[in-house]
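So the sequences go chain by chain: H and L.
Under full-length UniProt numbering, think of the first position of the first sequence as 1, with each following residue one higher.
Under full-length UniProt numbering, think of the first position of the second sequence as 1, with each following residue one higher.
In this text, a Cβ means the ideal position worked out from N, Cα and C, and glycines have one as well.
Treat the numbers as computed from the prediction; the structure is a model and nothing was measured.
There are 2 protein chains.
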Amino acid sequence: MEEEQHEIRTEMCSSGKEKPKADQLEFGRIFTDHMFLMDYSDEKGWHDPRIVPYEPLSIDPSSMVFHYGQSVFEGMKAYLTSEGDAQLFRPQRNFSRMNHSNNRLCIPPIDEAFALKALKQLVALDKDWIPEAEGTSLYIRPFIISTEAFLGVAPSTHYKFIIILSPVGAYYKEGINPIKIAVEHDYVRTVKGGTGEAKTGGNYAASLKAQEMADEGIAQVLWLDGVERKYIEEVGSMNVFFKIDGKVVTPALNGSILEGVTRNSVIQLLKHWNVPVEERKLSMEEVIKAHQDGKLEEAFGAGTAAVISPIGELVRGEKHLEINQGKTGPIAKRLYDTLTGIQYGKLEDPFDWVEKVENVKESALKASS
Amino acid sequence: MEEEQHEIRTEMCSSGKEKPKADQLEFGRIFTDHMFLMDYSDEKGWHDPRIVPYEPLSIDPSSMVFHYGQSVFEGMKAYLTSEGDAQLFRPQRNFSRMNHSNNRLCIPPIDEAFALKALKQLVALDKDWIPEAEGTSLYIRPFIISTEAFLGVAPSTHYKFIIILSPVGAYYKEGINPIKIAVEHDYVRTVKGGTGEAKTGGNYAASLKAQEMADEGIAQVLWLDGVERKYIEEVGSMNVFFKIDGKVVTPALNGSILEGVTRNSVIQLLKHWNVPVEERKLSMEEVIKAHQDGKLEEAFGAGTAAVISPIGELVRGEKHLEINQGKTGPIAKRLYDTLTGIQYGKLEDPFDWVEKVENVKESALKASS
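Structure below.
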């Protein structure tokens with residue numbers, strides 16, 4: 001990338017939109033005043049980085065993203081501390097994963113350090129949009145779409161890298177609550193050699209049907225591997241952990257599982273606490289056997305949106321497995337409290353996970369210089 | 001769908017674009033003067049069908065299609081006969097397959113008969129865009145994208161159904177020519193339980209990497225099944241046929257193979273000609289064994305873009321299998337000549353495959369009535 005392209009042009013909106021009240025917050029429906037954009041062409045590389053008012057995109061109907069799904073995305077959050085500072089949680093890992101996804105989808109890599117700089121500038125500018133209430137945050141959605149106006153099946157020669165922001169409510173309005181999940185038998189999310197370890201639209205499109213077919217009360221489905229339909233992969237759009245006989249087990253990364261930032265943080269925390277944790281193949285049969293033997297102590301999902309999502313009941317056909325009497329287990333609770341404590345700046349951050357966002361004025365001045 | 005929604009509003013472009021010369025035609029880069037659009041909302045269903053000037057779409061950056069790939073598409077062609085009539089080839093099957101794809105992707109079904117009516121009206125209006133030269137045609141791309149401005153992973157409540165048209169050159173500029181394909185080992189297009197039998201972006205996004213990694217001179221990759229990596233599924237974005245010891249064999253539809261309209265037409269023609277044809281599991285080993293035994297007589301792909309694409313060489317790691325001395329075989333040639341003959345109205349149409357498009361004036365009058 002050329003040096004001059006590191007200058008982020010900023011075009012402020014004329015008048016800000018009204019911000020939602022704390023009780024109006026849901027997930028991903030309201031967006032802030034500004035967004036970040038950058039274009040790519042084979043000739044110019046990534047160019048024209050800019051922060052502009054949030055507005056519709058004007059895109060040719062033949063653009064590849066509409067036809068061949070060449071796109072990637074990320075999800076992270078900005079949190080407001082009690083001192084009024086905005087901070088991010090391990091954002092480098094998200095941009096690094098975005099480049100991993102880009103590689104699988106034949107999308108040119110982004111400059112990760114520059115993306116982080118752009119994100120901080122955007123968050124600083126729209127900092128007033130970070131909600132203050134307990135458990136609320138500013139959801140961050142970086143994404144790349146292929147925009148070449150061409151119907152051939154080939155990597156696009158043009159792309160847009162965009163970051164949008166959405167103030168979101170607490171995932172659990174009444175605090176952390178166990179969910180019910182069902183083992184999915186008919187549908188498959190992805191398979192080794194597919195796009196499972198990339199964060200790309202097709203994986204999510206493929207998952208919609210399973211959720212639609214799931215019974216009432218099923219919050220998420222548990223995905224088994226696409227080959228043997230035997231080994232546990234993920235739950236819904238989260239990674240999954242099972243505490244069996246004192247050890248916490250999570251499926252090893254195998255090429256079809258997304259490497260979650262929360263997953264990685266959970267593993268680090270457990271090791272730090274000297275709780276035995278294993279990344280390995282884990283079959284559905286092993287989980288059922290552990291339940292029969294009274295050794296399935298806890299189960300929980302881990303992801304950016306919910307942080308930790310305890311699983312109170314696992315449904316497999318006619319079988320209903322209650323886990324920890326349907327209550328949040330001590331490990332899930334401790335992980336949730338610690339992760340959110342670090343994210344909101346209430347607890348010490350021994351791993352250097354938190355990244356402060358500079359104050360709005362300072363960074364806005366830089367932007368327009 | 002409400003009765004009044006069957007009225008297609010037409011807004012003509014003020015001045016038509018310049019049409020490409022015959023030697024400027026490539027695939028999918030130039031689009032005609034008009035396009036068809038129709039919107040969907042959960043409240044109104046499919047509504048406001050309209051033909052408008054071809055122009056960029058204005059779409060919210062949080063629209064689902066950009067993030068979760070909820071989209072489907074179709075591909076077909078309009079042909080100009082020597083009498084100057086425009087005609088379509090089995091368009092009902094494309095709209096029926098679109099609804100099959102819609103079902104897998106949790107997209108509300110379209111009214112197939114109405115979609116065909118809209119398509120005919122659009123083609124009639126832009127009929128002057130159908131190129132006249134031998135082997136050229138008007139490529140038709142119907143597609144549906146999810147447009148709800150919401151970042152939750154759930155079926156969208158809003159969609160757009162769009163049809164765009166692109167004049168395209170002959171797929172083989174120097175006539176029908178055998179291609180070289182490579183057996184893909186690392187990447188998988190899709191798997192049973194996935195979205196393989198739906199025509200959705202994610203399948204094509206997943207396929208880009210294999211093509212990028214393929215050696216120079218490899219036109220397409222041959223996909224094996226995602227479970228055992230043993231059985232043949234498709235080649236590139238076409239269905240595939242092998243003539244072994246006098247019988248034509250094609251992989252049976254198994255939930256991960258797209259049901260091609262050309263595939264179906266090939267099977268019908270072969271049966272009509274009393275050429276033995278089998279739809280069944282076909283392993284790579286069987287094809288290699290047949291080649292060793294001198295019984296692999298022909299191989300070819302079948303799809304809308306190329307119609308019939310003879311395979312002259314099959315590459316598997318270090319092994320190079322030459323098929324029919326690298327030349328187009330008699331069955332491939334006969335299928336190509338017959339299918340294109342019917343499509344361009346030069347040959348009798350014993351199966352009622354061809355659908356005439358009414359003349360432009362008549363249908364334009366109806367449109368504005």
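Original post:
How many Å lie between residue 375 (chain H) and Gly317 (chain H) at the Cα?
Top reply: What is shown of chain H runs 1 to 369, which leaves residue 375 (chain H) out entirely.
**OP:** Could you work out which residues of chain L lie near Ile164 (chain H), taking near to mean beta carbons separated by less than 8 Å?
**Re:** Pro61, Ser62
Original post:
Leaving out five residues before and five after Thr81 (chain L) in sequence, what residues of the same chain have Cβ atoms less than 7 Å from its Cβ?
Top reply: Gln87, Tyr344, Gly345
Original post:
Is Thr10 (chain L) buried or exposed, if buried means 16 or more other CB atoms sit within 10 Å of its CB?
Top reply: Its Cβ being crowded by 16 or more others within 10 Å, Thr10 (chain L) is buried.
Original post:
Cβ of Leu258 (chain L) within 8 Å of any heavy atom in the ligand ZN?
Top reply: For the structure depicted, the ligand ZN is absent and the ligand set is empty, with no information on it obtainable.
Original post:
Residues in the stretch 135–159 of chain H with C-beta within 8 Å of chain L's C-beta atoms, listed in sequence order?
Top reply: Tyr139, Arg141, Phe143, Ile145, Ala149, Phe150, Leu151, Gly152, Val153, Ala154, Pro155
Original post:
Considering only the beta carbon of each residue, do Gly196 (chain H) and Val227 (chain L) sit closer than 9 Å?
Top reply: no
Original post:
Would you say Gly260 (chain L) faces chain H, with C-beta separation under 9 Å as the test?
Top reply: With 9 Å as the cut-off, Gly260 (chain L) does not count as an interface residue toward chain H.
Subject >> Whole-Å CB distance - Asn156 (chain L) paired with Ser146 (chain L), under 8 Å assumed >> reply: As written in the sequence, residue 156 (chain L) is Ser, which differs from the Asn given in the question. Indeed they touch by this definition, with Cβ atoms about 3 Å apart.
Subject >> Reduced DSSP category for Ser369 (chain H) - H, G, I as helix; E, B as strand; rest coil >> reply: With a pLDDT of only 41 at Ser369 (chain H), under the threshold of 50, the placement of this residue in the model should not be trusted; the figure read from the coordinates follows. If DSSP states are grouped into helix, strand and coil, Ser369 (chain H) belongs with coil.
Original post:
Across which residues does DSSP place Asn239 (chain L) in a beta bridge pair?
Top reply: According to DSSP, Asn239 (chain L) bridges with L:Ala302.
Original post:
Rounded to a whole number of angstroms, what is the C-alpha to C-alpha distance between Asn203 (chain L) and Leu105 (chain H)?
Top reply: 11 Å
Original post:
What beta strand (DSSP E) runs, 3 residues minimum, are completely inside the stretch 203–287 of chain H?
Top reply: Segments of the beta strand (DSSP E) lying fully in the stretch 203–287 of chain H: 220–224, 232–235, 239–244, 247–251, 277–280.
Original post:
Taking 9 Å as the CB-CB limit, is Tyr171 (chain H) close to chain L?
Top reply: So, not an interface residue.
**OP:** Scan the stretch 180–195 of chain H for residues whose Cβ lies nearer than 9 Å to a Cβ of chain L and list them as they occur along the chain.
**Re:** Glu184, His185, Asp186, Tyr187, Val188, Arg189, Thr190, Val191, Lys192, Gly193, Gly194, Thr195
Subject >> Of the listed residues H:Lys127, H:Pro109, H:Ile179, nearest to Ile164 (chain H) (C-alpha basis) >> reply: Scanning H:Lys127, H:Pro109, H:Ile179 for the CA closest to the CA of Ile164 (chain H) turns up H:Lys127.
Subject >> Near-chain L residues of the stretch 56–86 of chain H - C-beta to any C-beta below 7 Å >> reply: Pro56, Leu57, Ser58, Ile59, Asp60, Pro61, Ser62, Val65, Phe66, His67, Tyr68, Gly69, Gln70, Ser71, Phe73
Original post:
What is the rounded straight-line gap between the Cα of Met1 (chain H) and the Cα of Leu116 (chain L)?
Top reply: Only weak support exists for where Met1 (chain H) lies, its pLDDT of 44 falling under 50; the value from the coordinates is given anyway. For Met1 (chain H) and Leu116 (chain L), the distance between alpha carbons rounds to 48 Å.
Subject >> Through-space distance from Pro251 (chain H) to Ile232 (chain H), alpha-carbon basis >> reply: So the alpha carbons of these two residues sit roughly 7 Å apart.
**OP:** With DSSP collapsed to three states, give me the class of Glu2 (chain L).
**Re:** Annotation note: pLDDT 45 at Glu2 (chain L) (below 50); position unreliable, no value reported.
Original post:
Is the CB-CB distance between Arg90 (chain H) and Val261 (chain H) below 9 Å?
Top reply: yes
Original post:
Looking at chain H, which residues of the stretch 93–117 of chain L have a Cβ within less than 7 Å of any of its Cβ atoms?
Top reply: Arg104, Leu105, Cys106
Original post:
What did DSSP end up calling Pro20 (chain H) once you bin it into helix, strand or coil?
Top reply: coil
Subject >> Outcome for Glu234 (chain H) when other beta-carbon atoms lying within 10 angstroms are tallied against a minimum of 16 >> reply: Glu234 (chain H) comes out buried.
**OP:** Please confirm whether Pro167 (chain H) and Ile130 (chain H) have their CB atoms less than 9 Å apart.
**Re:** yes
Subject >> With 16 other Cβ atoms within 10 Å as the buried cut-off, status of Lys319 (chain H) >> reply: exposed
**OP:** Could you list the residues in the stretch 23–47 of chain L with a C-beta less than 7 Å from some C-beta on chain H, going in chain order?
**Re:** Within the stretch 23–47 of chain L, Phe27, Gly28, Arg29, Phe31, Met35 place their CB atoms closer than 7 Å to a CB of chain H, listed in sequence order.
**OP:** Confirm, please, whether the CB-CB distance from Phe73 (chain H) to Ala149 (chain L) is below 9 Å.
**Re:** no
**OP:** Can you tell me which of the three DSSP states Glu318 (chain L) falls into?
**Re:** Coil.
**OP:** Anything in the stretch 213–227 of chain H with a Cβ closer than 9 Å to a Cβ of chain L? List those residues in chain order, please.
**Re:** Gly226, Val227
Original post:
Using the beta-carbon of each residue, which ones in chain H are nearer than 7 Å to Ala206 (chain L)?
Top reply: Gly194, Thr195, Gly202, listed in chain order.
Subject >> alpha helix (DSSP H) runs wholly inside the stretch 25–84 of chain H, at least 4 long, in chain order >> reply: 64–68
Original post:
When DSSP builds the beta bridges, which residues end up paired with Pro142 (chain H)?
Top reply: Per DSSP, the beta-bridge partners of Pro142 (chain H) are H:Ile163.
Subject >> Cβ of Arg9 (chain L) within 9 Å of any chain H Cβ >> reply: no
Original post:
For the stretch 229–255 of chain L, which residues have a beta carbon sitting closer than 9 Å to at least one beta carbon of chain H?
Top reply: Listed in chain order, the positions of the stretch 229–255 of chain L with a beta carbon within less than 9 Å of a beta carbon of chain H are Arg229, Gly236, Ser237.
Subject >> Sub-9 Å separation of Gly329 (chain H) and Glu297 (chain H) beta-carbons >> reply: Yes. Within cutoff.
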